[in-house]
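Just below is one structure, and these are the notes that go with it.
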Amino acid sequence: MLSVSNLTVSIGPQARPVDIVSDVSFSIAPGEILGLVGESGCGKSMTSLAVMGLLPHPGPRIRSGRVEIDGADVTGLEPWQRVEAGRARMAMIFQEPMTSLNPVRRIGDQIAEAVRVYERLHAAATRERARELLELVRIPDADLQLSAYPHQLSGGMRQRVMIAMALASRPQLLIADEPTTALDVTVQYQILGLLRELSARLSMATLFITHDMGVVAQLADRVAVMYAGCIVETASASALFRHPAHPYTRALMDCMPVRGIRGQSLRTIPGQAPQPGTILVGCAFAPRCPNAREICRTTAPPRLDVGISHEALCVFPVTGEAAA
Amino acid sequence: MTGTALLEVENLHTSFAVRRSGRTRRVAAVDGVSLSLADGEVLGLVGESGCGKTTVGRSIMHLARPQSGRVMFRGVDLLAARGMRERDLRLNIRMVFQDPYASLNPRRTIGDSVAEAGDINRAFKDSADRRHRVEATLASVGLDPSLAARFPHELSGGQRQRVGIARAILPTPSIIIADEPVSALDVSVQAQVVNLLMELREKLGLSMIFISHDLGVIGHVSDRIAVMYMGRIVESGETEAILARPAHPYTKALLAAVPQPDASLRIAGAMPASEPPSQFAALDGCAYAPRCPLASERCRIETPQLRLWGQTQRLLACHNV
Chain A
1 MLSVSNLTVS
11 IGPQARPVDI
21 VSDVSFSIAP
31 GEILGLVGES
41 GCGKSMTSLA
51 VMGLLPHPGP
61 RIRSGRVEID
71 GADVTGLEPW
81 QRVEAGRARM
91 AMIFQEPMTS
101 LNPVRRIGDQ
111 IAEAVRVYER
121 LHAAATRERA
131 RELLELVRIP
141 DADLQLSAYP
151 HQLSGGMRQR
161 VMIAMALASR
171 PQLLIADEPT
181 TALDVTVQYQ
191 ILGLLRELSA
201 RLSMATLFIT
211 HDMGVVAQLA
221 DRVAVMYAGC
231 IVETASASAL
241 FRHPAHPYTR
251 ALMDCMPVRG
261 IRGQSLRTIP
271 GQAPQPGTIL
281 VGCAFAPRCP
291 NAREICRTTA
301 PPRLDVGISH
311 EALCVFPVTG
321 EAAA
Chain B
1001 MTGTALLEVE
1011 NLHTSFAVRR
1021 SGRTRRVAAV
1031 DGVSLSLADG
1041 EVLGLVGESG
1051 CGKTTVGRSI
1061 MHLARPQSGR
1071 VMFRGVDLLA
1081 ARGMRERDLR
1091 LNIRMVFQDP
1101 YASLNPRRTI
1111 GDSVAEAGDI
1121 NRAFKDSADR
1131 RHRVEATLAS
1141 VGLDPSLAAR
1151 FPHELSGGQR
1161 QRVGIARAIL
1171 PTPSIIIADE
1181 PVSALDVSVQ
1191 AQVVNLLMEL
1201 REKLGLSMIF
1211 ISHDLGVIGH
1221 VSDRIAVMYM
1231 GRIVESGETE
1241 AILARPAHPY
1251 TKALLAAVPQ
1261 PDASLRIAGA
1271 MPASEPPSQF
1281 AALDGCAYAP
1291 RCPLASERCR
1301 IETPQLRLWG
1311 QTQRLLACHN
1321 V
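As you go down the protein sequences, you meet chains A and B in turn. This note's numbering puts the last residue of the first sequence at 324; the count rises by one with no breaks. This note's numbering puts the last residue of the second sequence at 1321; the count rises by one with no breaks.
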């Protein structure tokens, strides 16, 4: 459904570009959820904005690579160009639903506006479609909620409204950028369940961006781990959490508190992620990596197959079961 | 528990006046909370946003004014103390805040921010003593003492939170109230800051109230856990016991919702939407009843009180467990 190949996003002058996303490739099948996971500044949001055609102007730009949706090349097309070309079948939801909703317009009108971008319907039919969308995201009393204002809804309900608006285009691809980070865990759990149901029911490909390894484990079918602008490991969720191959993936998992082991200090990752623009020779993770040897500091790491559709960008991938 | 308690909070009520639709109403953020903290203990206060956990911390610090209740520190009521005496007493309890970006003055150097409590209380003999104390404190939180001359914008999030901790420990307090101290940090940095807090606890013999929505972190650092919902503690007890055998239906729901890094625990599909009621809704009975699978008629009429439950010092507020 979505295929991204060798995507590189850069900032800075043309002559001396700084890559903030480098050579990123992945694909997502209909009904599949790909989790893109990494810490702040790793380039996961920039990747999603580049895929959506929402990179801010002036600023980061796609330097090379291709973004295809259903075989059609949409690389670098603006959202309005995609709508006109009939290739707009992708939608995005963000972390903070309140900043994406207009505070002085009713929920129903805002969803209707999204519907009208894609479909020409009578006023009554538009409203009916808006009500359907609210029911699809399981908002109770949809009829009543159509006339509510955003401030009258809770954070979880607002995120449901955002998902309803995203579904107005009947998208083949939904990009969700940390959609549950601002929500409470019990509400997060419900929203994750909703996204899982929608992706299966609508055969929608989902790119789910998060920093939370727990969320990725429970939601995603496949996982891509990003570090310093590169995808360092890709695998099915079950393989990744059972046999993490890249030392960074392993280190991230080790940082998490494990239930039942109290009093011990948590493992940490020494050092800091490189600033974008640092000239890197060899592997970006080498300075922090427990397994790094001379070759890691001098040569860019290869993308190794470490299992069935399980790749790691590492010369010395970790073997064996995860500790946890 | 009484007698040995370092800090004892009794029946704390804190409410705020809120104007809504032209009428002023009071919202009870903390509605009769009692808790105790033993010497050297870490108490985890967990709950979702709006449950009142931060207001409990702020009420103890007197950053919020409780309507009633007592906060006893070593047998002295902090809420009744005034003037110099209050100021001296309050150096014993210090707070670490969530957002290390917002809690540091951007126009003051790190050194000045760290020294602030000492400056106000004239704790330094001279400027050499001040510099020495600031540098030693920065070193004890794992920062390079030369950062004292820098400004907050030059530091990373993790470094800033270390500064937040340094400011708190400079006057050698006995209690730290840490309000979501790692929630704004990346997981690898979060682990470093959690380790630092636990290290300081050992080294300085600190007691701690650790406030967080994150049961993973709370479970890792706390000796005891108190779970809050809508201004009340609904369950409290020893960490291992609560995590292994949660008794209150809300604690169970909360534990089940924490995402685990285990791909075999898949989220199945949609479930009915159920969220905390508005704080303005006047509720009779148990605040969790509208979401509770065990709720009975009694729950909607009579508010359950905390009572001893089971053998281990577990307190539980539920009619139906």
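We put the beta carbon where it would ideally sit given N, CA and C, even for glycine. A quick note: this is a predicted structure, and the numbers were derived from the prediction, not measured.
Tell me the DSSP bridge mates of residue i?
| i | result |
| --- | --- |
| Ile1225(B) | Gly1044(B) and Gly1237(B) |
| Arg1023(B) | Arg1020(B) |
| Phe1210(B) | Gly1044(B) and Ala1178(B) |
| Val1323(B) | Examination of residue 1323(B) is not possible in this model, given that chain B is present from 1001 through 1321 alone. |
| Ala91(A) | Leu174(A) |
| Met226(A) | Ile231(A) |
| Leu2(A) | Ile28(A) and Ile69(A) |
| Trp1309(B) | Arg1314(B) |
| Thr210(A) | Val37(A) |
| Thr278(A) | DSSP output for Thr278(A) lists no bridge partner at all. |
| Val1096(B) | Ala1178(B) |
| Ser236(A) | Arg222(A) |
| Gly1057(B) | Looking at the DSSP assignment, Gly1057(B) forms no beta bridge with any residue, so it has no partner. |
| Ser1296(B) | DSSP output for Ser1296(B) lists no bridge partner at all. |
| Thr1014(B) | Val1030(B) |
| Val9(A) | Val21(A) and Ile62(A) |
| Asp305(A) | Glu311(A) |
Hey, is residue i's beta-carbon within less than 7 Å of any beta-carbon in chain A?
| i | result |
| --- | --- |
| Glu1180(B) | no |
| Asp1186(B) | yes |
| Val1009(B) | no |
| Ser1021(B) | no |
| Ala1273(B) | yes |
| Glu1048(B) | yes |
| Met1001(B) | In this prediction, Met1001(B) scores a pLDDT of 43, lower than 50, which makes its location untrustworthy; no coordinate-derived value is stated. |
| Ile1110(B) | no |
Using a threshold of 7 Å, state whether the C-beta atoms of residue i and residue j are closer than that.
| i | j | result |
| --- | --- | --- |
| Asp177(A) | Ser48(A) | yes |
| Val1030(B) | Thr1014(B) | yes |
| Arg288(A) | Gly277(A) | no |
| Val995(B) | Ala1247(B) | The shown model of chain B, from 1001 to 1321, leaves out residue 995(B), and the question about it has no answer. |
| Pro171(A) | Ala91(A) | yes |
| Ser1036(B) | Ala1005(B) | yes |
| Ala1289(B) | Arg1300(B) | yes |
| Gly156(A) | Val137(A) | no |
| Pro1181(B) | Asn1092(B) | no |
| Val161(A) | Ile107(A) | yes |
| Ala148(A) | Ala130(A) | no |
| Ile1211(B) | Lys1053(B) | yes |
Are any of the Cβ atoms in chain B nearer than 7 Å to that of residue i?
| i | result |
| --- | --- |
| Ala323(A) | Since pLDDT at Ala323(A) reaches only 49, below the 50 mark, its modelled position is unreliable, and the value read off the structure follows with that caveat. With 7 Å as the cut-off, Ala323(A) does not count as an interface residue toward chain B. |
| Gly43(A) | no |
| Cys296(A) | no |
| Ser10(A) | no |
| Gly229(A) | no |
| Pro257(A) | yes |
| Tyr189(A) | yes |
| Val83(A) | no |
| Gly156(A) | yes |
| Gly193(A) | yes |
| Thr186(A) | yes |
| Ser147(A) | no |
| Gly384(A) | Past the edges of chain A, shown from 1 to 324, lies residue 384(A), and the structure says nothing about it. |
| Gln218(A) | yes |
| Thr268(A) | yes |
Cβ of residue i versus every heavy atom of the ligand HEM: is any distance shorter than 6 Å?
| i | result |
| --- | --- |
| Pro1173(B) | The ligand HEM is not part of the structure shown, which contains no ligands of any sort. |
Any C-beta of chain C sitting closer than 7 Å to the C-beta of residue i?
| i | result |
| --- | --- |
| Arg89(A) | Looking at the structure shown, chain C is missing, and the protein chains on hand are A and B. |
### Query
Can you list, in chain order, the residues of the stretch 1245-1271 of chain B whose Cβ is nearer than 8 Å to any Cβ on chain A?
Across the stretch 1245-1271 of chain B, CB contacts with chain A closer than 8 Å involve Ala1253, Leu1254, Ala1256, Ala1257, Val1258, Pro1259, Gln1260, Pro1261, Asp1262, Ala1263, Ser1264, Leu1265, Arg1266, Ile1267, Ala1268, Gly1269, Ala1270 and Met1271, in sequence order along the chain.
### Query
What residues in the stretch 1218-1248 of chain B bring their beta carbon closer than 7 Å to a beta carbon of chain A?
Going along the stretch 1218-1248 of chain B in chain order, one finds Gly1219, His1220, Thr1239 and Leu1243 with a Cβ nearer than 7 Å to chain A.
### Any 3 or more C-beta pairs closer than 8 Å across the stretch 208-217 of chain A and the stretch 23-37 of chain A
With a cut-off of 8 Å, the stretch 23-37 of chain A and the stretch 208-217 of chain A count as touching, because enough Cβ pairs lie within range.
### Task
Would you list, in chain order, the members of the stretch 1192-1215 of chain B that have their beta-carbon closer than 7 Å to a beta-carbon of chain A?
Here the close residues are Gln1192, Val1194, Asn1195, Met1198 and His1213.
### Task
Taking only beta carbons into account, state which residues of the stretch 22-39 of chain A come closer than 7 Å to chain B, listed in chain order.
Cβ contacts with chain B: Glu39.
### Query
Do three or more CB pairs link the stretch 311-319 of chain A to the stretch 43-61 of chain A at distances below 8 Å?
Contact fails: fewer than three Cβ-Cβ distances are below 8 Å.
### Query
Going along the chain, which residues of the stretch 1141-1172 of chain B sit with their C-beta nearer than 9 Å to a C-beta in chain A?
Those residues of the stretch 1141-1172 of chain B that come within reach of chain A (Cβ to Cβ, closer than 9 Å) are Ser1156, Gly1157 and Gly1158.
### Query
So does the stretch 1050-1068 of chain B actually touch the stretch 1176-1183 of chain B, counting three or more Cβ pairs closer than 8 Å?
Proximity of the stretch 1050-1068 of chain B to the stretch 1176-1183 of chain B meets the contact definition, three or more beta-carbon pairs being nearer than 8 Å.
### Task
Identify each residue in the stretch 229-256 of chain A for which the Cβ-Cβ distance to at least one residue of chain B is less than 9 Å, and report them in chain order.
Taking 9 Å as the Cβ-Cβ cut-off against chain B, the residues of the stretch 229-256 of chain A that qualify are Ser236, Ala237, Ser238, Ala239, Leu240, Phe241, Arg242, Ala251, Leu252, Met253, Asp254, Cys255 and Met256.
### Query
Quick check: the stretch 1150-1166 of chain B against the stretch 230-247 of chain A, are there 3 or more CB pairs under 8 Å?
Contact fails: fewer than three Cβ-Cβ distances are below 8 Å.
### Query
Counting pairs of Cβ atoms below 8 Å between the stretch 1160-1173 of chain B and the stretch 286-303 of chain A, do you hit three or more?
In short, these stretches do not touch, since the Cβ pair count stays below three.
### Query
Quick one, which residues of the stretch 265-290 of chain A are near chain B if we go by CB-CB under 8 Å, in chain order?
Cβ contacts with chain B: Ser265, Leu266, Arg267, Thr268, Ile269 and Gln272.
### Query
Taking three-plus beta-carbon pairs below 8 Å as touching, is the stretch 1221-1239 of chain B in contact with the stretch 1305-1319 of chain B?
Output reads yes: the stretch 1305-1319 of chain B touches the stretch 1221-1239 of chain B.
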